[in-house]
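Peer 1:
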Amino acid sequence: MALQCRFGGTTIQSLKMATFPISSSSSRFIFRTLPKTLNLALFSRHTPPKAPPFSVLIRALSAQAVAAAPAAEISDKQVVKPQWKAAVDFKWIRDNKEAVAANIKNRNSNANLNLVLELYDKMVNLQKEVERLRGERNNVANKMKGKLEPSERQKLVEEGKNLKEALTTLEEDLLNLRDELQLEAQCIPNMTHPDVPIGGEDSSKLRNMVGSPLSFDFPVKDHLQIGKELDLFDFDAAAEVSGSKFYYLKNEAVMLEMALVNWTLTEVRKKGFTPLTTPEIVRSSVVEKCGFQPRGENTQVYSVEDSDQCLIGTAEIPVGGIHMDSIVSESSLPIKYVAFSHCFRTEAGAAGTATRGLYRVHQFSKVEMFILCKPEESDMYHEELIKIEEDLFSSLGLHFKTLDMATGDLGAPAYRKFDVEAWMPGLERYGEISSASNCTDYQSRRLGIRYRPSETPSTTSKKGKTNQAATKFVHTLNATACAVPRMLVCLLENFQQEDGSVIIPEPLRPFMGGIEAIYPKSR
Amino acid sequence: MALQCRLSGTTIQSLKMATIPISSSSSRFIFRTLPKTLNLALFSRHTPPKAPPFSVLIRALSAQAVAAAPAAQISDNKVVKPQWKAAIDFKWIRDNKEEVAVNIKNRNSNANLELVLELYDKMLNLQKEVEGLRGERNNVANKMKGKLEPSERQKLVEEGKNLKEALMTLEEDLINLRDELQLEAQCIPNMTHPDVPIGGEDSSKLRNMVGSPRKLDFPVKDHLQIGKELDLIDFDAAAEVSGSKFYYLRNEAVLLEMALINWTLAEVMKRGFTPLITPEVVRSSVVEKCGFQPRGENTQVYSIEDSDQCLIGTAEIPVGGIHMDSIVAESSLPIKYVAFSHCFRTEAGAAGTATRGLYRVHQFSKVEMFILCKQEESDKYHEELIKIEEDLFSSLGLHYKTLDMATGDLGAPAYRKFDVEAWMPGLERYGEISSASNCTDYQSRRLGIRYRPSESPSTTSKKGKTNQAATKFVHTLNATACAVPRMLVCLLENFQQEDGSVIIPDPLRPFMGGIEAIYPKSR
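These protein sequence lines map, in sequence, to chains Z and C. Per our numbering: the first sequence ends with 547, consecutive numbering throughout. Per our numbering: the second sequence ends with 1406, consecutive numbering throughout.
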């Protein structure tokens, strides 16, 4: 469900509407969600700047000239107002533009770096211009405090009026320019871990391989046939009641789902993760801040009618949102969650891809791990997450391989992504059963989740006052612990027996009343 | 989540738009969902009727006169096309109108019986009129087969043309009249069990009382405070991420939810119920056929944007839909399901009602029982369902009472409803924790679920041919086995201890790793 900023080019500005919600009801969150650091950077320069003493008349004219160009340009492009703002580090992007450009290319992103840099330069210049004009206006105001000839006063009044008008225009242009810059810059994907292989999906690098394909000395069935013979699911009734790619689980499949969820929660909880169940309806803005696109032609996201809410496609979204717009204490890091939720995906545009049976469906249960940590620790926790996944799948006796996914296969938020692909003998191929991503500060810059590093003695200034350390953005990581339908595919297809039964892996048995196998019903 | 046809008065026809989905995409299901018996009743009379030999001219005129009145009336009323049709027994309603009228009054329904009867009479008359005209047209056609004088033939051609025109108008009127009749009649609530007390909620009759309020000799906390102290529930983060009345469950509350679901499923399965996990996104038509209203001002139903789909408010909907438009084998009855799903409700208009904490929320987990059975057995299975509920709640050690709900408290589909209300010491009142309804054939007439009674020897006709018995509508029943948040309220509030811990009831412990109590975390 990862995304890129597909409509981010400069030539198709009108399409950009589709990538941002127009909902007026979410506008009340604009200011709440503006991270404070960004506020400081953008709005804190109201102190009178020390401008060189130019002629006021010339300044006013030149200011209007400067204002004219962007104003025209902006109105042509019909800038869309961002509903929220990521704390994008524009200066860093400018200072590292070669690296950013290479990264955009490697990841097949269509983010427009040149436009971002151009808009940023324009914005910086316009900002300086605005500051200088403010200075001029203050100078004029100060001069008028003294005793003046009426003609002199009249001249200053005129000057002040001109300055005010010029400033109003410029300030409006600056707001529009900032909005445009923000939208463009938010299309830039996360940077990439240096070890990630560059290229398309085929370039992904094998990290680990566990077990080998089970050999069968009888004709192998796929999970659909097994499910039909054992009366475990019903796609036909669901097609009538809900639509295609919905399903009912029946009989032992229900117990198997419950066992998978329970066993996974129990195992991951043992490793120090806090269990959660989450809301499955969330505000669209939270979906966006996690790096997904709730609107647009090929969105994976179901929206709720007459509201600014969506159904979640993964628990990563509501879990990412828990600490939104807050500063967590350094001592609480890492925060580790393991969340159970149902997930809903439109699977728009998925026709033709591997869609047989339970492999790709509109609704499914999933247990998801999520970690918030200090930046220097995210690589370590990424390794921990993939290790937990591998341990879980090994305990169930699956044969699988772990891949370091290539740049072309990374969604915008991921700095690095490890996928686990398990052998599915009925489908006769490896299929993705889980994914672990390090999103570094991509999501936290959007969700506004920061921490304040602990104060070290060296930060005490000479006057004996303790300087509070600046806040930093946390890093976020997410990883699938158990995507139920794909696990069902694996379990049914790998553990089928010649007599038509399916053996339940040992670890799950205590969670389903001690059942050791699913046998054909006598009818 | 029960409903009445609230907008069904004759004076506010335009409002009726709101109660029927306008979605064009569901129109393709009209014919599929038309129960076959209804088709027969409405459309099977194309054989030439034996009309008395009236003058053709007079017939044609009178026909047009008859046609004129309903046509004008219909265009005034703007009849909305039903997207699907319940198999309503209009004749039975007419033959039992006093009883139906009393029932509508007792249940505070605003169904308009007078209008239904009037429309039905009109419809019958118009139908006869149409049949008469068809006979005349056939007569004319037959006459023209013989040898005729040209003037005679010309006269017959004229006659035939007049008849055809009159017939077309009348047939269109008939369709509109049937639609209007259908919509009005679908507002009539189910009949009521003779033992149901008549009156408002206060008239509900106590059926059973188990246990007594637990005596707590320390200051009692409500579940919100307990949840906060034990770090079990987070409403604040959910309000930011999703909206008010959403929540995260945390720590042991997650395990408790899992245990409740698992234990309930296991217990109910032991009693011969087939476990299910259901789709939570369904077509609006299925929601309507179960007797809920997915559209309109105060709808409880979340709709999916740009689709004809909704989120379910209860698993009763997808389970009711499983056998939609089918004839089940008599030998398969009763069919007993126990379904786990998440449920989603807008709770529009619920402001001001008991809404503290987990008592009324937008999303929750629920285990629901559902039975399809023969008509003569539904009372028996209603008793079985309430017995299972009582057994479950008793095993958990709750104090509760069971009520036979009064007519004024019944939703349109229910013939009889038993509610269980448990003592909640923190909220200091009894609160509804479950409900068991016998819907007799109200839902099956909408969902089109029938069975064919087994052939008895006496139905063999003289010619030795076996007459297949006519199909009958099954009866449906539904009952809550476990609505998780309300159970959490009960468990936390009833089993709180002076030291701040909460004891886990014995039956649930094996399903949560043997945990015996939830203790305050040391922080």
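All residues carry an ideal CB built from backbone N, CA and C; glycine is no exception.
In chain C, what lies closer than 7 Å to Z:Thr290 by C-beta?
Peer 2: Numbered from its first residue, the first sequence carries residue 290 of chain Z at position 266. Correct list: Gly1396.
Peer 1: Would you call the CB atoms of Z:Pro213 and Z:Asn127 closer than 8 Å?
Peer 2: To locate residue 213 of chain Z, count along the first sequence from 1; it is residue 189. To locate residue 127 of chain Z, count along the first sequence from 1; it is residue 103. In this structure, Z:Asn127 lies closer than 8 Å to Z:Pro213 by Cβ.
Peer 1: Have a look at C:Leu1050, C:Glu1315, C:Met1207 and flag the residue whose alpha-carbon is nearest the alpha-carbon of C:Lys968.
Peer 2: By 1-based counting over the second sequence, the position of residue 968 of chain C is 85. Residue C:Met1207 is the option with its Cα nearest to C:Lys968.
Peer 1: Our contact map puts Z:Arg202 next to Z:Gly184 with C-beta atoms below 8 Å; I'd like the distance itself, whole angstroms only.
Peer 2: The residue labelled residue 202 of chain Z in the question sits at position 178 within the first sequence. The residue labelled residue 184 of chain Z in the question sits at position 160 within the first sequence. Not a contact, Cβ separation roughly 26 Å.
Peer 1: When you check each C-beta in the segment 303-324 of chain Z against every C-beta of chain C, which residues fall closer than 7 Å?
Peer 2: Cβ contacts with chain C come from Pro303, Glu304, Ile305, Val306, Arg307, Val310.
Peer 1: Any beta carbon of chain C sitting closer than 8 Å to that of Z:Phe364?
Peer 2: As a first step, residue 364 of chain Z must be located in the first sequence, where it is residue number 340. Z:Phe364 counts as touching chain C.
Peer 1: Buried or exposed for C:Thr1273, going by 16 or more other Cβ atoms inside 10 Å?
Peer 2: As a working note, residue 1273 of chain C is residue 390 in the second sequence. Here residue 1273 of chain C is Glu; the residue named in the question, Thr, does not match the sequence. Buried is the call here.
Peer 1: For C:Ala1400, count the other beta carbons within 10 Å of its own beta carbon; 16 or more makes it buried, fewer makes it exposed. Which is it?
Peer 2: For this step, residue 1400 of chain C is matched to residue 517 along the second sequence. It is exposed - the Cβ of C:Ala1400 has fewer than 16 other Cβ atoms within 10 Å.
Peer 1: Out of Z:Asp113, Z:Pro534, Z:Phe442, Z:Met429, which has the shortest C-alpha to C-alpha gap to Z:Ala505?
Peer 2: Position 481 of the first sequence, counted from the first residue, corresponds to residue 505 of chain Z. Checked all of Z:Asp113, Z:Pro534, Z:Phe442, Z:Met429; the closest Cα to Z:Ala505 is Z:Phe442.
Peer 1: Less than 8 Å between the beta carbons of Z:Asn286 and Z:Phe519, yes or no?
Peer 2: Residue 286 of chain Z sits at position 262 when you count from the first residue of the first sequence. Residue 519 of chain Z sits at position 495 when you count from the first residue of the first sequence. Taking 8 Å as the Cβ cut-off, Z:Asn286 and Z:Phe519 do not qualify as a contacting pair.
Peer 1: Confirm, please, whether the CB-CB distance from C:Ser1318 to C:Asp1302 is below 8 Å.
Peer 2: As a working note, residue 1302 of chain C is residue 419 in the second sequence. As a working note, residue 1318 of chain C is residue 435 in the second sequence. Result yes, Cβ atoms of C:Asp1302 and C:Ser1318 sit closer than 8 Å.
Peer 1: Counting only beta-carbon separations shorter than 8 Å, does Z:Gly267 have a partner in chain C?
Peer 2: Looking up residue 267 of chain Z in the first sequence gives position 243. At a cut-off of 8 Å, the C-beta of Z:Gly267 has a neighbouring C-beta in chain C.
Peer 1: How long is the line joining the alpha carbons of Z:Gly159 and Z:Asn166, rounded to whole angstroms?
Peer 2: For the purposes of this step, residue 159 of chain Z is taken as residue 135 along the first sequence, with counting starting at 1. For the purposes of this step, residue 166 of chain Z is taken as residue 142 along the first sequence, with counting starting at 1. Rounded to whole angstroms, Z:Gly159 to Z:Asn166 spans 10 Å at the Cα level.
Peer 1: If you follow the beta strand (DSSP E) that C:Met1092 is part of, which residue opens it and which one closes it?
Peer 2: What you label residue 1092 of chain C is simply residue 209 of the second sequence in a count that begins at 1. Per DSSP, C:Met1092 belongs to the beta strand (DSSP E) from 1088-1093.
Peer 1: Residues of chain C with CB under 7 Å from Z:Ala262, in chain order?
Peer 2: For this step, residue 262 of chain Z is matched to residue 238 along the first sequence. Counting only Cβ-Cβ distances below 7 Å, Z:Ala262 has contacts in chain C at Pro1162, in chain order.
Peer 1: Leaving out five residues on either side along the sequence, give the residues of the same chain with a beta carbon under 6 Å from the beta carbon of Z:Glu303.
Peer 2: The residue given as residue 303 of chain Z occupies position 279 in the first sequence. Note that residue 303 of chain Z is Pro in the sequence shown here, rather than Glu. Counting only Cβ-Cβ distances below 6 Å, and skipping sequence neighbours, we find Pro342.
Peer 1: Find the residues of chain C that neighbour Z:Ile345, judging by a C-beta separation of less than 9 Å, and give them in chain order.
Peer 2: One-based indexing of the first sequence puts residue 345 of chain Z at position 321. This sequence places Gly at residue 345 of chain Z; Ile is not what is there. The contacting residues are Ala1120, Ala1121, Glu1123, Val1124, Ser1125.
Peer 1: With DSSP as the reference, label C:Met1207 as helix, strand or coil.
Peer 2: The residue labelled residue 1207 of chain C in the question sits at position 324 within the second sequence. Reduced to three states, the DSSP call for C:Met1207 is coil.
Peer 1: Mark Z:Asn63 as exposed unless 16 or more other C-beta atoms lie within 10 angstroms of its C-beta, in which case mark it buried.
Peer 2: As a position in the first sequence, residue 63 of chain Z is number 39, starting the count at 1. Confidence is the limiting factor: at Z:Asn63 the pLDDT is only 32, short of 50, which leaves the residue's position unreliable, though a coordinate-based value still follows. Taking all protein chains in view, the Cβ of Z:Asn63 is surrounded by fewer than 16 other Cβ atoms within 10 Å, so the residue is classified as exposed.
Peer 1: Assign C:Ser1215 to one of three DSSP states: helix, strand, or coil.
Peer 2: Against the second sequence, residue 1215 of chain C aligns to sequence position 332. Helix at C:Ser1215.
Peer 1: Among residues of its own chain, excluding the 5 on either side of Z:Leu284, which ones have a beta-carbon nearer than 7 Å to its beta-carbon?
Peer 2: By 1-based counting over the first sequence, the position of residue 284 of chain Z is 260. Contacts found: Cys506, Val508, Met511, Leu532.
Peer 1: May I ask you to report which of helix, strand or coil DSSP gives C:Gln1246?
Peer 2: By 1-based counting over the second sequence, the position of residue 1246 of chain C is 363. Judged by DSSP in its simplified three-state form, C:Gln1246 adopts strand.
Peer 1: Sorted by chain position, which residues of the same chain lie with C-beta nearer than 7 Å to C:Asp1117's C-beta, five sequence neighbours on each side aside?
Peer 2: Within the second sequence, the letter at position 234 stands for residue 1117 of chain C. Sequence-distant Cβ neighbours of C:Asp1117 in its own chain, meaning closer than 7 Å and more than five residues away, are Tyr1130, Tyr1131, Arg1133.
Peer 1: Going by the CB atoms, is the gap between C:Ser1248 and C:Glu1140 shorter than 8 Å?
Peer 2: To locate residue 1140 of chain C, count along the second sequence from 1; it is residue 257. To locate residue 1248 of chain C, count along the second sequence from 1; it is residue 365. It is a contact, given that the beta carbons lie within the stated cut-off.
Peer 1: Keeping to the same chain, check which residues put their C-beta closer than 7 Å to that of Z:Lys295; ignore five residues upstream and five downstream.
Peer 2: For the purposes of this step, residue 295 of chain Z is taken as the residue at position 271 of the first sequence. So the qualifying residues of the chain are Ile412.
Peer 1: For the alpha helix (DSSP H) containing Z:Ile341, list its first residue and its last residue.
Peer 2: The sequence position of residue 341 of chain Z within the first sequence is 317, counting from 1. Per DSSP, Z:Ile341 belongs to the alpha helix (DSSP H) from 340-345.
Peer 1: Please work out which residues of its chain come closer than 7 Å, Cβ to Cβ, to C:Arg1392, disregarding the five sequence neighbours upstream and downstream, and give them in chain order.
Peer 2: Within the second sequence, residue 1392 of chain C is the residue found at index 509, counting from 1. So the qualifying residues of the chain are Ile1398, Glu1399.
Peer 1: If C:Leu1148 sits next to C:Ile1071, beta carbons under 8 Å apart, how far is it from one beta carbon to the other, in whole angstroms?
Peer 2: Walking along the second sequence from the start, residue 1148 of chain C turns up at place 265. Walking along the second sequence from the start, residue 1071 of chain C turns up at place 188. With a Cβ gap of about 36 Å, C:Leu1148 and C:Ile1071 do not count as contacting.
Peer 1: Tell me whether Z:Met429 sits in a helix, a strand or coil according to DSSP, three-state version.
Peer 2: Position 405 of the first sequence, counted from the first residue, corresponds to residue 429 of chain Z. Z:Met429 sits in coil when the DSSP states are folded into three classes, being neither helix nor strand.
Peer 1: What are the start and end residues of each continuous beta strand (DSSP E) run of 3 or more residues lying completely inside the segment 235-294 of chain Z, in chain order?
Peer 2: 272-274
Peer 1: If you check the beta carbons only, do Z:Thr216 and Z:Thr500 fall under 8 Å apart?
Peer 2: By one-based count along the first sequence, residue 216 of chain Z stands at place 192. By one-based count along the first sequence, residue 500 of chain Z stands at place 476. Result no, Cβ atoms of Z:Thr216 and Z:Thr500 do not sit closer than 8 Å.
Peer 1: Tell me, please, which residues DSSP counts as bridged to C:Lys1300.
Peer 2: Start at 1 with the first residue of the second sequence, and residue 1300 of chain C comes out as number 417. C:Lys1300 pairs with C:Ser1320.
Peer 1: With a Cβ-Cβ cutoff of 8 Å, do C:Tyr1220 and C:Phe1276 count as a contact?
Peer 2: Taking the first residue of the second sequence as position 1, residue 1220 of chain C is located at position 337. Taking the first residue of the second sequence as position 1, residue 1276 of chain C is located at position 393. For C:Tyr1220 and C:Phe1276, no; Cβs fall outside 8 Å.
Peer 1: So, for C:Gln1380: in the same chain, excluding its five sequence neighbours on each side, which residues have a beta-carbon less than 7 Å away from its beta-carbon?
Peer 2: What you label residue 1380 of chain C is simply residue 497 of the second sequence in a count that begins at 1. Ile1386.
Peer 1: At least one CB of chain Z closer than 8 Å to the CB of C:Lys1404: is that the case?
Peer 2: Mapped onto the second sequence, residue 1404 of chain C falls at position 521. Not an interface residue.
Peer 1: So C:Ser1186 contacts chain Z; which residues on that side make the cut at Cβ distance below 8 Å?
Peer 2: On the second sequence, position 303 is the one that residue 1186 of chain C refers to. Result: Val328, Glu329, Asp330.
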